[in-house]
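Residue numbers (our numbering): 3 to 271. Even for Gly, the Cβ is constructed at its ideal location relative to N, Cα and C. Small disclaimer: the values here were computed from a predicted structure and weren't measured.
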Ligand SMILES: [Zn+2]
């Protein structure tokens, strides 16, 4: 799924994700990823201290967010947290002091609670620590991968690329159409899930003929090269975060032009 869906991208991408993964699960995944990368978390407090509301009959959880913006959004939009202020906590302090204290007090960790009711996953402090450390380790290994060459000659034909582009656009169109219909939420979810399954079948068939093992060639703000899997495309071998939105992808004619230029360039060597 990573080839099409992806964090940080457009409405279509997140629609793609939410048809598969629940909102809470994707918020938790974002929490692990952000904390592994940025090594900071945020909670909120007011004069009374830190909130730890009851989230089930028998347990309480203290909410944490993986960005200041997420914490601020909850304070601004959820009446229960009006007047709270965000508090930044470095990862090491969170790991060694906060998680230990939460564990001792029998509290759970609320991960990136979101939406108008500020809800999300609540997990044990030990589990949260393990997940963040596992993600950090995986990211480190990814960064050690040797950079792949930018493919010059073996791109799939322009028609293949256009089919890939249209498939994405078509998925977004169908998804939005279903969302706008006057149906119960569960029916909408079933319908969008069916469209996703159909789209993914099509995508898998296409991917059999794509260039394998490409890595993103974009450079991150810290100067390191992005190492995520790159999309098979004519737009510069980038991952779903760094590639432009699918609506901005070149159409068939433009892709044919790029393709011919590349072939000419290749045969001159
Ligand atoms: Zn990238």
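beta-carbon residue i near ligand 1 non-hydrogen atom, thresh 6 Å
i           : result
residue 247 : no
Whole-number beta carbon distance between residue j and residue i, since they are thought to touch under 8 Å
i           : j           : result
residue 129 : residue 65  : Contact doesn't hold; Cβ gap of about 16 Å is too wide.
residue 247 : residue 220 : In fact, because the Cβ distance is near 15 Å, the residues do not count as touching under 8 Å.
residue 274 : residue 68  : Past the boundaries of the shown model lies residue 274; the chain is included only from 3 to 271, so the question cannot be answered.
residue 42  : residue 92  : 6 Å
residue 125 : residue 261 : Contact doesn't hold; Cβ gap of about 48 Å is too wide.
Residue i Cβ short of 6 Å to ligand 2 heavy atom set
i          : result
residue 52 : Ligand 2 is not part of the structure shown, which contains ligand 1 as its ligands.
Self-check item: alpha helix (DSSP H) runs wholly inside the region 149 to 198, at least 4 long, in chain order
Solution: 160 to 182
Quiz item: Touching or not, the region 115 to 122 and the region 130 to 146, by the rule of three or more beta carbon pairs under 8 Å?
Solution: Segments in contact, no.
Quiz prompt | Pocket of ligand 1 defined by Cβ to heavy atom distance under 6 Å | solution = 218, 220, 228, 230, 240, 241, 243 and 244
Quiz item: Between the region 208 to 222 and the region 231 to 243, do three or more beta carbon pairs fall short of 8 Å?
Solution: yes
Quiz item: Would you call the region 58 to 72 and the region 166 to 175 in contact, with 3 or more CB pairs under 8 Å?
Solution: Contact between the region 58 to 72 and the region 166 to 175 is absent: fewer than three C-beta pairs spanning the two stretches fall below 8 Å.
Quiz item: Hey, which unbroken runs of the beta strand (DSSP E) at 3 residues or more fall wholly within the region 84 to 144?
Solution: 87 to 92, 110 to 116 and 121 to 125
Quiz item: Which ranges does the beta strand (DSSP E) cover as unbroken runs of at least 3 residues, wholly within the region 34 to 70, from first to last along the chain?
Solution: Segments of the beta strand (DSSP E) lying fully in the region 34 to 70: 42 to 47 and 63 to 66.
Quiz prompt | Within the region 202 to 229, ranges of the beta strand (DSSP E) (whole runs, at least 3 residues) | solution = none
Quiz prompt | Inter-stretch contact at 8 Å, needing at least 3 Cβ pairs: the region 45 to 61 / the region 77 to 93 | solution = yes
Self-check item: Contact the region 182 to 191 vs the region 201 to 214: 3+ CB pairs below 8 Å
Solution: no
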